[in-house]
Structure formats: structure tokens, C-alpha cells
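Peer 1:
In our numbering, the protein residues as written are 788 to 973.
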């Protein structure tokens, strides 16, 4: 089984130690859910895995070249439509497919600035899924979604995990219980 190996990873911001000599492995099959208290380093760990931030010490090996990342903040181009935002990382067919999958087919031509917070989260999710990646990293992907919509999006992620690996940060135990093939508590 392919995996990411994290060995003695340490990270601090000034005097605040986020984690010290963290060692663990993350499977590159199915869904790994990461849970933990606020401020324990979940997002920092994801950013290090994605190469967006450097650790102070330690090593990370086995990270695939093609990663898609859904941040806690949506990071969308507000003046672009939902479709244009997703098409930035994919072709038209994939953009259509994933906007439909996140239940935004009817809003695909709407400027992101005109969408609600929950709709923006779904555009960001569609974009992460539309990119042809080996690993999809989702940082609190379901926040701002009602119960039914959240369930539908979790089912979509579960379905997508048959063909590529996912690392998902979740706060709610129900999300972890439904999604996790493996659970890491920081």
C-alpha cells in the first residue's frame, strides 16, 4: 500500500509550537480523516503536505505530484462564474460533471460573488474534485452546509475515493464516522 510518511515533523510560529516531532503515515488509498482541537495543527499539517508551507524540521515522503486542495477559505475568483472557477483546473466536461455533482448545475453561470457561503463551498469542492489529482486534500469541506446537502456531499467524496486518495479535516464525529477509512487524531 502506498503511503505518505511523516517523520519527526515539527512546526512553530514564533513561540507557539504547533506540533513537535510528529510521526505518522497516511494511506494513499481511500479516505483519511484528521480530527483534533482547534489550533492543534491540522491545517498546518495539510499545508506542509501540499508543499505550501515548510516545517521547521522532520521529513515528509511519498506525497504524490498531483494534489488538489480545498482550503478552509474558498479561494475562488469572485468575478468569475462557478463554471469558470472550476474550468480553471479542468476541461469543460469535468467542470460540468462536478458542478452537477455538487448540485450547482443551475447556478453554473452565476458569478461567485452572487452565491451564498454554502454554494461557494460547493464550487470550491467541485474545483478540487475536477482537477485530475492523485490526492485530494479537503480542509473542513462541509462547513456552512445543511444536513441533507452535507450528506450528499459526503456521499460524493466517498464515491470519488474509489479512484484516488483523500485527506479530510473534519470537526464533527458524524462526518468522520461516515467518511473515514482511517482516522488520525492530532
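Positions of the beta carbon are idealized from the N, C-alpha and C atoms, including for glycine.
(1) Answer yes or no: do residue 863 and residue 805 have a C-beta to C-beta separation smaller than 8 Å?
(2) What first and last residue would you give for the beta strand (DSSP E) that runs through residue 822?
(3) By Cβ distance below 6 Å, which residues in the same chain neighbour residue 861 in space, the five residues on each side in sequence not counted?
(4) Does DSSP classify residue 871 as helix, strand or coil?
(5) Straight-line CA distance for residue 922 to residue 842?
(6) Are there 16 or more other CB atoms within 10 angstroms of the CB of residue 880, so buried, or fewer, so exposed?
(7) Exposed or buried, which one is residue 800 when buried takes at least 16 other CB atoms within 10 Å?
(8) Which residues in the same chain have their Cβ closer than 8 Å to the Cβ of residue 884, if we skip the five residues on either side of it in sequence?
(9) Unbroken beta strand (DSSP E) runs of length 3 or more, entirely within the segment 848–913: which are they?
(10) If we ignore side chains and look at the alpha-carbon of each, how far apart do residue 814 and residue 822 end up?
(11) Around the C-beta of residue 818, are 16 or more other C-beta atoms found within 10 angstroms, so that it is buried, or is it exposed?
(12) Comparing C-alpha positions only, which one of 845, 940 and 803 sits nearest to residue 925?
(13) Taking 8 Å as the threshold (C-beta atoms), are residue 847 and residue 975 in contact?
(14) Going by DSSP in three states, residue 929 sits in which element: helix, strand or coil?
(15) Please look up how many angstroms separate the CB atoms of residue 810 and residue 795, rounded, as I've assumed it's under 8 Å.
(16) What is the DSSP secondary structure of residue 841, counted as helix, strand or coil?
(17) In the DSSP output, which residue or residues are listed as bridge partners for residue 968?
Peer 2: Let me lay it out:
(1) For this step, residue 863 is matched to residue 76 along the chain shown. For this step, residue 805 is matched to residue 18 along the chain shown. Cβ distance not < 8 Å, so residue 863 and residue 805 don't count as in contact.
(2) The count along the chain shown starts at 1 and reaches residue 822 at position 35. Its beta strand (DSSP E) spans residues 818–822.
(3) Numbered from its first residue, the chain shown carries residue 861 at position 74. Excluding sequence neighbours, residue 861 sits near 907 and 911.
(4) Numbered from its first residue, the chain shown carries residue 871 at position 84. Reduced to three states, the DSSP call for residue 871 is helix.
(5) As a working mapping, residue 922 is identified with position 135 in the chain shown. As a working mapping, residue 842 is identified with position 55 in the chain shown. Spanning the two alpha carbons is a distance of roughly 20 Å.
(6) The sequence position of residue 880 within the chain shown is 93, counting from 1. When all chains shown are included, residue 880 counts as exposed.
(7) For the purposes of this step, residue 800 is identified with residue 13 of the chain shown, where counting begins at 1. Under this definition residue 800 is an exposed residue.
(8) Walking along the chain shown from the start, residue 884 turns up at place 97. Counting only Cβ-Cβ distances below 8 Å, and skipping sequence neighbours, we find 917.
(9) Segments of the beta strand (DSSP E) lying fully in the segment 848–913: 854–857.
(10) In the chain shown, counting from the first residue as 1, residue 814 sits at position 27. In the chain shown, counting from the first residue as 1, residue 822 sits at position 35. Residue 814 and residue 822 have their C-alpha atoms roughly 16 Å apart.
(11) In the chain shown, counting from the first residue as 1, residue 818 sits at position 31. Counting Cβ neighbours within 10 Å, residue 818 comes out buried, since at least 16 surround it.
(12) To locate residue 925, count along the chain shown from 1; it is residue 138. The shortest Cα separation from residue 925 among 845, 940 and 803 belongs to 940.
(13) A question about residue 975 goes unanswered here, because the residues of the chain that appear run from 788 up to 973.
(14) Within the chain shown, the letter at position 142 stands for residue 929. Annotated three-state conformation of residue 929 is coil, per DSSP.
(15) In the chain shown, counting from the first residue as 1, residue 810 sits at position 23. In the chain shown, counting from the first residue as 1, residue 795 sits at position 8. Contact holds; Cβ gap of about 6 Å.
(16) For the purposes of this step, residue 841 is identified with residue 54 of the chain shown, where counting begins at 1. Residue 841 falls in the coil class under three-state DSSP.
(17) Stepping through the chain shown from its first residue, residue 968 is reached at position 181. For residue 968, which the question treats as bridged, DSSP gives no partner whatsoever.
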